[in-house]
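Colleague: If you're matching positions, the sequence shown starts at 1 in full-length UniProt numbering and goes up one per residue. No residue lacks a Cβ here, since even glycine has one placed at the ideal position from N, Cα and C. What follows is a single structure, and I will ask about it in a moment.
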Amino acid sequence: MKKVLLLTLLCFTYATKAQKNTEDELIYTTVETVPVFVGGYKALYSFVCENINPPKDIPKHKRLSKVFIKFVVEKDGTVSSPEIVKGINDQCNNEAIRVINLLPKWQAGGMKKYGIWKPLRVYMTLPINFFQNKFDCEASYNQAIIKK
Numbered sequence: 001m002k003k004v005l006l007l008t009l010l011c012f013t014y015a016t017k018a019q020k021n022t023e024d025e026l027i028y029t030t031v032e033t034v035p036v037f038v039g040g041y042k043a044l045y046s047f048v049c050e051n052i053n054p055p056k057d058i059p060k061h062k063r064l065s066k067v068f069i070k071f072v073v074e075k076d077g078t079v080s081s082p083e084i085v086k087g088i089n090d091q092c093n094n095e096a097i098r099v100i101n102l103l104p105k106w107q108a109g110g111m112k113k114y115g116i117w118k119p120l121r122v123y124m125t126l127p128i129n130f131f132q133n134k135f136d137c138e139a140s141y142n143q144a145i146i147k148k
């Protein structure tokens with residue numbers, strides 16, 4: 001009887017530990033406080049336009065020259081795990097991933113749990129437009145920000 005009780009207690013302890021590790025690894029799509037790029041969207045898109053090296057093979061139609069990329073903003077604000085949600089071609093997709101990997105730390109997102117704010121891992125999706133020059137890139141993003 002004591003062996004069964006001890007075995008049950010050990011299993012419960014292991015299950016509790018495993019559950020805590022799983023909670024730390026969850027990636028949220030919706031949180032109370034979303035991650036914020038330091039300086040806001042204008043600074044984010046300015047960073048993208050400064051760092052993007054558009055390939056020569058960009059589709060001419062605006063709607064077709066946009067890559068949607070999903071990434072994780074970690075608890076410490078670093079960016080990780082970029083992946084293409086909707087791409088254009090290999091050159092543009094790889095360039096979008098390269099630029100996302102260059103992003104500096106964000107202000108982490110999170111939620112209040114039991115009255116205490118807790119940073120969480122959060123998915124973000126960002127459209128990256130491809131233009132032949134920096135001026136067109138900034139003009140496009142500035143127009144998008146004004147519409148919001």
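Skipping 5 residues on each side, what residues in its chain have a beta carbon closer than 6 Å to that of PRO127?
Modeller: Within the same chain, PRO127 has close Cβ partners LYS66 and PHE68.
Colleague: By how many angstroms is the C-alpha of ASP136 removed from the C-alpha of ILE27?
Modeller: Distance between the alpha carbons of ILE27 and ASP136: 34 Å.
Colleague: How big is the Cα-Cα spacing for PRO119 and ASP76?
Modeller: Near 8 Å, if we compare the C-alpha coordinates of ASP76 and PRO119.
Colleague: Based on DSSP bridge pairs, tell me the residues matched to PHE71.
Modeller: Answer by DSSP bridge pairing, in chain order: MET124.
Colleague: What's the call for TRP117, buried or exposed, on a 16-neighbour Cβ count within 10 Å?
Modeller: Classification of TRP117: exposed, given that the 10 Å Cβ count is below 16.
Colleague: Between the C-alpha atoms of GLU95 and ILE52, what's the straight-line distance to the nearest angstrom?
Modeller: Roughly 7 Å separates the two Cα atoms.
Colleague: Below 8 Å on the Cβ atoms is my guess for MET111 versus VAL31; work out the distance and round it to an integer in Å.
Modeller: The Cβ separation is near 5 Å, so the contact holds.
Colleague: Give the straight-line distance between the Cα atoms of GLN91 and SER140, rounded to the nearest whole angstrom.
Modeller: Each residue's alpha carbon lies about 21 Å from the other.
Colleague: Got a sec, what are the start and stop residues for the beta strand (DSSP E) LYS42 sits in?
Modeller: LYS42 -> not in any beta strand (DSSP E); alpha helix (DSSP H) instead, spanning 40-51.
Colleague: Report buried or exposed for LEU102, applying the criterion of at least 16 other Cβ atoms within 10 angstroms of its Cβ.
Modeller: Exposed is the call here.
Colleague: Which class does GLN132 belong to by DSSP, given the choice of helix, strand or coil?
Modeller: Three-state result, GLN132: coil.
Colleague: What does a CB cutoff of less than 7 Å around THR29 pick up in its chain, not counting 5 residues either side in sequence?
Modeller: Cβ within range, chain order: TYR123.
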